[in-house]
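In terms of the numbering used here, the sequence shown opens at residue 78 and continues consecutively.
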Amino acid sequence: MTENNYPNLQGPVCPLPLQPGGQIVIGHGSGGGMTRDLIVNVFQKYLGNAILNAGNDSALLNGELVAPPGYQLVVSTDAHVVFPLFFPGGDIGRLSVCGTVNDVAMLGAQPKYLTASFILEEGFAIDELEKVLASMRDACAEADVRIIAADTKVTERGKADKLFITTTGIGWAPAGRKIRGDQAQPGDAVLISGALGIHGIAVLQARGNLGFQSDVQSDTAPLNHLTQALCAAFPDVHVMRDPTRGGLATTLVEIAQQSSVTIQLDEPEIPIDASVRAACDLLGLDPLYLANEGKVIVILPEEHAEDALSFLRAQKYGEKARRIGRVIARSSGQLLLRTALGTTRVLDMLAGEMLPRIC
Numbered sequence: 078m079t080e081n082n083y084p085n086l087q088g089p090v091c092p093l094p095l096q097p098g099g100q101i102v103i104g105h106g107s108g109g110g111m112t113r114d115l116i117v118n119v120f121q122k123y124l125g126n127a128i129l130n131a132g133n134d135s136a137l138l139n140g141e142l143v144a145p146p147g148y149q150l151v152v153s154t155d156a157h158v159v160f161p162l163f164f165p166g167g168d169i170g171r172l173s174v175c176g177t178v179n180d181v182a183m184l185g186a187q188p189k190y191l192t193a194s195f196i197l198e199e200g201f202a203i204d205e206l207e208k209v210l211a212s213m214r215d216a217c218a219e220a221d222v223r224i225i226a227a228d229t230k231v232t233e234r235g236k237a238d239k240l241f242i243t244t245t246g247i248g249w250a251p252a253g254r255k256i257r258g259d260q261a262q263p264g265d266a267v268l269i270s271g272a273l274g275i276h277g278i279a280v281l282q283a284r285g286n287l288g289f290q291s292d293v294q295s296d297t298a299p300l301n302h303l304t305q306a307l308c309a310a311f312p313d314v315h316v317m318r319d320p321t322r323g324g325l326a327t328t329l330v331e332i333a334q335q336s337s338v339t340i341q342l343d344e345p346e347i348p349i350d351a352s353v354r355a356a357c358d359l360l361g362l363d364p365l366y367l368a369n370e371g372k373v374i375v376i377l378p379e380e381h382a383e384d385a386l387s388f389l390r391a392q393k394y395g396e397k398a399r400r401i402g403r404v405i406a407r408s409s410g411q412l413l414l415r416t417a418l419g420t421t422r423v424l425d426m427l428a429g430e431m432l433p434r435i436c
């Protein structure tokens with residue numbers, strides 16, 4: 078007790094500053110008044126909508142909010158731990174929205190709703206949190222999705238690294254649409270929507286690992302409008318996949334194994350910007366294994382390949398689309414690279430972790 082007989086609320090009795098100022102404190106995760114203040118004054122400021130602002134522990138979807146007749150629900154979830162939180166061309170907020178939107182879109186679905194979970198470290202600056210939330214708001218607007226449920230938790234200082242975000246996406250696709258990793262067929266063409274490895278190099282640049290200045294900006298972007306337009310124009314698309322962690326090579330090995338086919342890439346046709354190639358040469362990295370956050374692999378019948386390529390090039394985020402290979406045979410699942418020298422080598426999945434915490 079103090080001399081005036083009032084308890085000292087600082088220290089072991091209540092290790093919370095009464096006026097926390099501009100940082101996250103443990104009390105923000107208490108579920109009480111400080112949590113409520115954080116939700117209302119920070120989170121709802123950027124992400125608020127009628128469903129989220131209702132303040133329930135879950136969202137009730139009915140009427141026009143559910144999949145219409147003849148459609149099936151598509152759900153995906155993704156955790157985001159990228160370091161640093163802010164990098165050229167994006168941040169963890171934009172990444173958390175775009176990453177999950179794109180995963181839903183890759184099945185030919187239209188993403189509609191997201192849920193989001195935020196793990197905050199004690200001491201994380203609230204102004205930085207607001208920047209992340211503003212970025213999420215803008216990405217949601219671009220993708221035309223809404224966050225309808227969210228949660229926050231706070232860890233002690235040193236038990237996390239500022240901010241982790243997990244998002245779950247909900248969308249719907251026509252019931253008869255079969256765009257999956259196991260649908261690649263011999264004779265199909267393989268397209269990519271743009272240059273590779275950009276996100277990985279942008280994050281390395283933000284970490285100060287390049288050793289030189291670069292103008293590379295992350296390609297983090299929502300691809301759902303592009304994929305929806307593509308599926309409407311070319312209903313025979315067999316596979317769509319975004320080559321994120323593990324890059325183009327790992328993603329195509331996965332598809333080859335799922336579909337039991339051999340895919341052959343033509344190295345000279347694979348689009349890699351000069352700045353990315355220079356960084357890879359300096360650091361000893363293979364751009365085929367670098368992460369991307371705004372590209373889509375499209376596999377479809379050969380007879381539609383050229384028209385689909387022209388279509389992609391006319392879309393936002395598809396301007397640099399290229400045809401990079403083909404599905405050549407049935408097999409146990411193999412990826413081949415025909416090099417610029419005319420030789421052929423086998424590409425495997427990425428072994429280990431080349432760039433940890435890239436997304």
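Glycine included, each C-beta is placed from N, C-alpha and C at the ideal position.
Check: Nearest-angstrom Cα separation, counted from residue 205 out to residue 87; Outcome: Interpretation of residue 87 is limited by its pLDDT of 41, a score under 50 that renders its predicted location unreliable; no figure is taken from the coordinates.
Check: Residue 427, DSSP secondary structure in three states; Outcome: coil
Check: For residue 178 and residue 54, the rounded distance between their alpha carbons; Outcome: The structure shown has nothing for residue 54, since the chain only spans 78 to 436.
Check: Inter-stretch contact at 8 Å, needing at least 3 Cβ pairs: the stretch 121-138 / the stretch 149-161; Outcome: no
Check: Closest by C-alpha distance to residue 421, when choosing among 237, 342 and 317; Outcome: 342
Check: Within 7 Å, strictly: CB atoms of residue 294 and residue 272; Outcome: no
Check: Reference residue 321; option with closest CA among 352, 431 and 305; Outcome: 431
Check: Cβ pair count under 8 Å reaching 3, the stretch 189-203 against the stretch 261-270; Outcome: no
Check: Proximity of residue 312 and residue 148 at Cβ, strictly below 7 Å; Outcome: no
Check: First and last residue of the uninterrupted alpha helix (DSSP H) at residue 176; Outcome: 169-182
Check: Residues near residue 222 by beta carbon distance below 7 Å, same chain, minus five either side; Outcome: 178, 188, 189, 190 and 191
Check: Three-state class that DSSP yields for residue 204 in the structure shown; Outcome: helix
Check: Every unbroken alpha helix (DSSP H) inside the stretch 205-241 [4 residues or more]; Outcome: none
Check: Backbone secondary structure at residue 358 - three-state DSSP; Outcome: helix
Check: Separation of residue 335 from residue 254, as counted between CA atoms; Outcome: 18 Å
Check: Any beta strand (DSSP E) of 3 or more consecutive residues that is wholly inside the stretch 290-371; Outcome: 316-318 and 338-343
Check: Helix, strand or coil at residue 394 according to DSSP, with G and I counted as helix; Outcome: coil
Check: Proximity winner among 388, 401, 104 and 212, relative to residue 172 (alpha-carbon distances); Outcome: 212
Check: Endpoints, the alpha helix (DSSP H) within which residue 115 is located; Outcome: 110-115
Check: Sequence ranges, beta strand (DSSP E) only - wholly within the stretch 258-290, length at least 3; Outcome: 266-269
Check: Cutoff 8 Å; reference residue 393; Cβ partners in own chain excluding five residues on either side; Outcome: 302 and 303
Check: Residues sharing a beta bridge with residue 148, DSSP; Outcome: 251
Check: Beta-carbon contacts of residue 327 that lie in its chain and below 6 Å, excluding the five residues immediately before and after; Outcome: 426 and 427
Check: Separation of residue 256 from residue 408, as counted between CA atoms; Outcome: 20 Å
Check: Buried or exposed by the 16-neighbour rule on C-beta atoms within 10 Å, applied to residue 417; Outcome: exposed
Check: Contact set for residue 367: own chain, Cβ-Cβ below 6 Å, skip 5 residues either direction; Outcome: 274, 277 and 324
Check: Secondary structure of residue 128, DSSP reduced to three states; Outcome: helix
Check: Coil, strand or helix - residue 409 by DSSP; Outcome: coil
Check: Cβ-based neighbour list, residue 181, same chain, cut-off 6 Å, excluding 5 preceding and 5 following; Outcome: 151, 153, 188, 246 and 248
Check: Burial state of residue 429, where buried means 16 or more other Cβ atoms lie within 10 Å; Outcome: exposed
Check: Sheet register partners of residue 185 (DSSP bridge); Outcome: Paired residues: none, contrary to the question.
Check: For residue 376, the residue or residues it bridges with in DSSP; Outcome: 267 and 316
Check: Own chain residues within Cβ distance below 6 Å of residue 405, not counting five before or after; Outcome: 339 and 341
Check: Exposure of residue 289, with buried meaning 16 or more beta-carbon neighbours within 10 Å; Outcome: exposed
Check: Candidates 121, 231, 403 and 396: closest to residue 440 by CA position; Outcome: Not covered by the structure: residue 440. The range shown for the chain is 78 to 436.
Check: Beta carbon of residue 260 nearer than 7 Å to that of residue 316; Outcome: yes
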